[in-house]
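Trainee:
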Amino acid sequence: RLEMAQLANERSRRIKAENKAKEEAELARVDAVWKEMLDEQERKREEGLRKTMARQLAFQDAYGKSAGAEMAERARRDELNMLEWQKKYAQQQEDRERRDKQKLDDMQRDIQKSLSSQMQIAEER
Numbered sequence: 320r321l322e323m324a325q326l327a328n329e330r331s332r333r334i335k336a337e338n339k340a341k342e343e344a345e346l347a348r349v350d351a352v353w354k355e356m357l358d359e360q361e362r363k364r365e366e367g368l369r370k371t372m373a374r375q376l377a378f379q380d381a382y383g384k385s386a387g388a389e390m391a392e393r394a395r396r397d398e399l400n401m402l403e404w405q406k407k408y409a410q411q412q413e414d415r416e417r418r419d420k421q422k423l424d425d426m427q428r429d430i431q432k433s434l435s436s437q438m439q440i441a442e443e444r
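Last residue of the sequence shown: 444 in my numbering, with the numbers rising by one and none dropped.
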């Protein structure tokens, strides 16, 4: 009888350890997916800003070579508009990233709750 109880306790500990390892592996996988998503968004944002800056420099060169106050004024307005657009774009990206992070955090919390409830059910058995 004592031997059966010890075997049952050992089995229970092994199941708990396996469940914990599975939970940790799932959390690590979700963290890796999240990191990759953020890295990809950052790469796209940086590439977009690089392209925007290159276009802006090309516009500035074109306007700078042109004669006349009207062209210089247009270049100044375009530069201001572009800078404003870049600020808005950066803010939109931050907002998107914040929303995505919140979604992932919610998903991780749900996974943890689910795994915890599964572990409780397994312990009760």
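Think of the CB as a built atom: it goes at the ideal place given N, C-alpha and C, for glycine as much as any other residue. Given the structure is predicted, the values throughout are model-derived calculations rather than measurements.
Are K341 and L434 closer than 9 Å when you measure CB to CB?
Mentor: Contact check for K341 against L434 passes: the beta carbons are separated by less than 9 Å.
Trainee: Looking at the structure shown, is R444 part of a helix, part of a strand, or coil, going by DSSP?
Mentor: coil
Trainee: Please state the DSSP three-state secondary structure of R320.
Mentor: coil
Trainee: Determine the direct distance from the alpha carbon of E413 to that of K368, and round the result to whole angstroms.
Mentor: A small correction: the amino acid at residue 368 is Leu; Lys does not occupy that position in the sequence shown. Roughly 14 Å separates the two Cα atoms.
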